[in-house]
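Data first, discussion second: the structure below is written as structure tokens.
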Amino acid sequence: MNKELLRENRVHGHSLFPVSVYPKVNQLNGDSILDCHWHDEMEIILMEQGTAVFHVDMNVYEVTAGDAIFVGSGEIHAGYLLGDERCIFSAIVFDSRWLAGPSYDALQENLFDPLLTKRLLPPRHIKKSTAWGSSILHHIHQILHDHEVKSRTLEISTKAHLYLIFANMFEQMQLDEKAGGVAGSPDKIDRIKAILGYIHEHYSENMKLKDLASHLNMSEGHFCRFFKQMVQKSPIDYINHYRIQKACKLLENTNYKIVDIALEVGFDNLSYFITLFKKQKQLTPSQYRKLFYEQIAIEAL
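Our numbering puts the sequence shown at residues 695 to 995.
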């Protein structure tokens with residue numbers, strides 16, 4: 695099994711400025727904000743509107759508007775809508791090596807190396823109700839603003855604000871022996887990365903529970919319990935959810951017929967596909983495509 699299959703293949707920034715900012719991402723429909731994935735870069739997710747539950751490795755956080763989540767390098771993460779209000783969030787994704795610098799120094803020794811090796815655990819839930827959290831949120835908003843206005847000093851101001859974010863976080867960090875979470879469960883994280891990677895590679899095929907369980911050398915019952923504990927969905931629910939997400943991308947980016955999209959993402963029954971799609975997105979596939987292009991047209995005005 696290859697956990698690399700679950701790695702996000704998007705390139706964030708470029709070699710001279712390895713930072714990407716994704717402002718005000720709006721979840722169109724459904725309960726999924728972020729599908730399970732991971733990347734080598736660190737990430738800060740600011741909740742702009744609504745409430746969501748974020749899973750970062752084996753930890754769960756309920757995040758409301760105005761708060762943020764920090765995701766470390768290589769950590770599997772996902773987000774799900776909580777409540778009826780639509781979620782809007784912004785994200786800053788960056789390569790920590792850009793901050794650590796080319797030479798080994800005290801910053802790398804005392805902060806970035808311990809973070810990358812999980813010897814030092816950061817405060818993941820950044821709350822506006824705390825003084826240190828409020829200070830971090832100020833710098834997050836400043837990074838987002840500088841990117842929005844395309845500041846001439848964008849590169850240096852982004853780096854400065856990220857340093858100040860870590861400076862505020864540092865006093866709140868804990869050594870792994872004092873914290874729960876993933877430090878004692880690397881095998882579980884690797885296993886779930888591997889099986890999700892397998893699903894992401896083979897989602898268009900006919901997958902059976904016994905085949906998935908065999909990839910982790912588990913019984914079907916043990917596998918289902920393990921998967922639900924880690925992902926908060928049953929294996930079948932997750933596979934169907936992932937297939938629907940892939941169908942959305944095809945509806946947005948191609949002119950394929952609905953029946954062809956259903957087959958492309960692994961459904962051999964069109965009625966079942968439409969039923970699941972409507973249950974997840976509260977729209978039929980045709981309605982989803984129509985709404986998507988209407989919103990694109992409005993944004994272009």
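Ideal Cβ placement from N, Cα and C applies to all residues, glycine included.
Cα-Cα separation, residue i to residue j
{"i": "residue 876", "j": "residue 887", "result": "Summary for residue 876: the model assigns pLDDT 43, below 50, so the residue's position carries little reliability; its value from the coordinates is reported in the next sentence. Taking the straight line joining both Cα atoms gives about 13 Å."}
{"i": "residue 847", "j": "residue 727", "result": "32 Å"}
{"i": "residue 696", "j": "residue 816", "result": "Confidence at residue 696 is low in this model, with a pLDDT of 37, below 50, so the placement of that residue should be treated as unreliable; the coordinate-derived value is given next. Taking the straight line from one Cα to the other gives about 27 Å."}
{"i": "residue 777", "j": "residue 986", "result": "23 Å"}
{"i": "residue 713", "j": "residue 824", "result": "27 Å"}
{"i": "residue 932", "j": "residue 802", "result": "38 Å"}
{"i": "residue 734", "j": "residue 979", "result": "34 Å"}
{"i": "residue 820", "j": "residue 965", "result": "44 Å"}
{"i": "residue 989", "j": "residue 843", "result": "23 Å"}
{"i": "residue 705", "j": "residue 899", "result": "Residue placement at residue 705 cannot be trusted, given a pLDDT of 49 that sits under 50; the coordinates are not used to answer."}
{"i": "residue 754", "j": "residue 747", "result": "7 Å"}
{"i": "residue 790", "j": "residue 826", "result": "21 Å"}
{"i": "residue 984", "j": "residue 946", "result": "9 Å"}
{"i": "residue 912", "j": "residue 890", "result": "15 Å"}
{"i": "residue 828", "j": "residue 939", "result": "34 Å"}
{"i": "residue 885", "j": "residue 920", "result": "10 Å"}
{"i": "residue 804", "j": "residue 716", "result": "29 Å"}
{"i": "residue 811", "j": "residue 924", "result": "21 Å"}
{"i": "residue 752", "j": "residue 883", "result": "8 Å"}
{"i": "residue 793", "j": "residue 806", "result": "9 Å"}
{"i": "residue 774", "j": "residue 937", "result": "16 Å"}
With 16 other Cβ atoms within 10 Å as the buried cut-off, status of residue i
{"i": "residue 800", "result": "exposed"}
{"i": "residue 881", "result": "exposed"}
{"i": "residue 951", "result": "exposed"}
{"i": "residue 839", "result": "exposed"}
{"i": "residue 757", "result": "buried"}
{"i": "residue 915", "result": "exposed"}
{"i": "residue 992", "result": "exposed"}
{"i": "residue 948", "result": "exposed"}
{"i": "residue 769", "result": "buried"}
{"i": "residue 680", "result": "Because the chain in this structure spans residues 695 to 995, residue 680 falls outside the shown range and cannot be described."}
{"i": "residue 784", "result": "buried"}
{"i": "residue 710", "result": "exposed"}
{"i": "residue 718", "result": "exposed"}
{"i": "residue 850", "result": "exposed"}
{"i": "residue 934", "result": "buried"}
{"i": "residue 869", "result": "exposed"}
First through last residue of the alpha helix (DSSP H) which encompasses residue i
{"i": "residue 996", "result": "In the structure as shown, the chain begins at 695 and stops at 995. Residue 996 is therefore absent and cannot be evaluated."}
{"i": "residue 923", "result": "914–925"}
{"i": "residue 860", "result": "848–864"}
{"i": "residue 957", "result": "952–958"}
{"i": "residue 790", "result": "790–794"}
Residues bridged to residue i [DSSP beta-bridge criterion]
{"i": "residue 747", "result": "756 and 774"}
{"i": "residue 974", "result": "Answer is none; residue 974 lacks a bridge partner."}
{"i": "residue 784", "result": "740"}
{"i": "residue 938", "result": "In the DSSP output, where bridge partners are listed per residue, residue 938 has none listed."}
{"i": "residue 763", "result": "739 and 819"}
{"i": "residue 831", "result": "Paired residues: none, contrary to the question."}
{"i": "residue 869", "result": "814"}
{"i": "residue 726", "result": "774"}
Residue interval of the beta strand (DSSP E) (run including residue i)
{"i": "residue 716", "result": "713–720"}
{"i": "residue 823", "result": "Where residue 823 is concerned, there is no enclosing beta strand (DSSP E), given that its DSSP letter is neither H nor E."}
Nearest-angstrom beta carbon gap, residue j and residue i [assumed within contact, 8 Å]
{"i": "residue 760", "j": "residue 741", "result": "7 Å"}
{"i": "residue 750", "j": "residue 731", "result": "About 12 Å; that fails the 8 Å criterion."}
{"i": "residue 982", "j": "residue 942", "result": "7 Å"}
{"i": "residue 779", "j": "residue 836", "result": "That belief does not hold up - the Cβ atoms of residue 779 and residue 836 are roughly 26 Å apart, past 8 Å."}
{"i": "residue 782", "j": "residue 738", "result": "About 15 Å; that fails the 8 Å criterion."}
{"i": "residue 818", "j": "residue 763", "result": "6 Å"}
{"i": "residue 855", "j": "residue 841", "result": "Not a contact, Cβ separation roughly 11 Å."}
{"i": "residue 970", "j": "residue 929", "result": "That pair is no contact at about 15 Å."}
{"i": "residue 863", "j": "residue 830", "result": "7 Å"}
{"i": "residue 897", "j": "residue 959", "result": "7 Å"}
Residue i: CB within 7 Å of a non-hydrogen atom of the ligand PLP
{"i": "residue 825", "result": "For the structure depicted, the ligand PLP is absent and the ligand set is empty, with no information on it obtainable."}
Within-8 Å CB hit, residue i to chain D
{"i": "residue 892", "result": "Looking at the structure shown, chain D is missing, and only one protein chain is on hand."}
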